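Here the protein sequences come in this chain order: X and P. In terms of the numbering used here, the first sequence is residues 4 to 113. In terms of the numbering used here, the second sequence is residues 4 to 117. C-beta: ideal position from N, C-alpha, C; glycine also. In this text the structure is predicted, and so the values were computed from the model without any measurement.
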Amino acid sequence: QKEVEQDPGPLSVPEGAIVSLNCTYSNSAFQYFMWYRQYSRKGPELLMYTYSSGNKEDGRFTAQVDKSSKYISLFIRDSQPSDSATYLCAMRNTGNQFYFGTGTSLTVIP
Amino acid sequence: DAEITQSPRHKITETGRQVTLACHQTWNHNNMFWYRQDLGHGLRLIHYSYGVHDTNKGEVSDGYSVSRSNTEDLPLTLESAASSQTSVYFCASSRTSGVQETQYFGPGTRLLVL
């Protein structure tokens, strides 16, 4: 079983829709949870960072962590064509190693 | 501005050749990482370093080596390139500690082994 599971999609939504992206994980030691956005032929860039359980909001983006269910989510409100990218979840324990999901490909159609 | 760069951005080589991919960061980060990204596998850790002269094997280290002689650079060497090593390679760096610590990625190197 992989440490982190993520549905690869692809996911296609109309502009303005609410997007929900999810990851599950198996290691209960994970404390820090991240979402990266990766545009085509670019390196991943950090989008959201969350410590432990709870919600974090940044503009149109909301990251949610449910440690009891080992489940994290990223919500994108009022999605825009510029949000079209691959979204990777990532997590780590108290050490320095990161564990990444395989990424979900998102296309927002104008 | 501080940044992380990779070179070359694209490389075509033949099986059996030795190839070195460069990674350079100007954040003065102690931690550096090499990943490969393949469809269906996501990012897989090849090697990582927590400081000068420190190197560690990751999940898919066979056929790869790294050395860390200074803080800024972590070159990745493919000892004898194989077609299975055709991939996109990303270098990343992070600080040693801190709750907000996260990894910063370079732009990637696309490697084709013929």
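Exercise for review: Let me know the beta strand (DSSP E) ranges lying completely inside the stretch 64 to 88 of chain X, each 3 residues or longer, listed in chain order.
Suggested key: 64 to 69, 74 to 79
Point to revise | Buried versus exposed, by CB contacts within 10 Å (16 or more), P:V55 | key: exposed
Practice item. Under 7 Å between beta-carbons, which chain P residues line up against X:M37? List them in chain order, please. Key: T105
Practice item. Measure the alpha-carbon distance for X:I34 versus P:F93 and round it to whole angstroms. Key: In the sequence as presented, Ile is not what sits at residue 34 of chain X; that position holds Gln. Near 24 Å, if we compare the C-alpha coordinates of P:F93 and X:Q34.
**Study point:** X:P47 classed as buried or exposed, judged by whether at least 16 other C-beta atoms fall within 10 angstroms
**Key:** buried
Review point. Looking at X:K73 and X:Y39, is the spacing between their C-beta atoms short of 8 Å?
Key: no
Practice item. Pick helix, strand or coil for P:Q40, following the three-state DSSP scheme. Key: strand
Point to revise | Near-chain P residues of the stretch 83 to 95 of chain X - C-beta to any C-beta below 9 Å | key: L91, A93, R95
Exercise for review: Give the secondary structure of P:Q21 by DSSP, where H, G and I count as helix, E and B as strand, and everything else as coil.
Suggested key: coil
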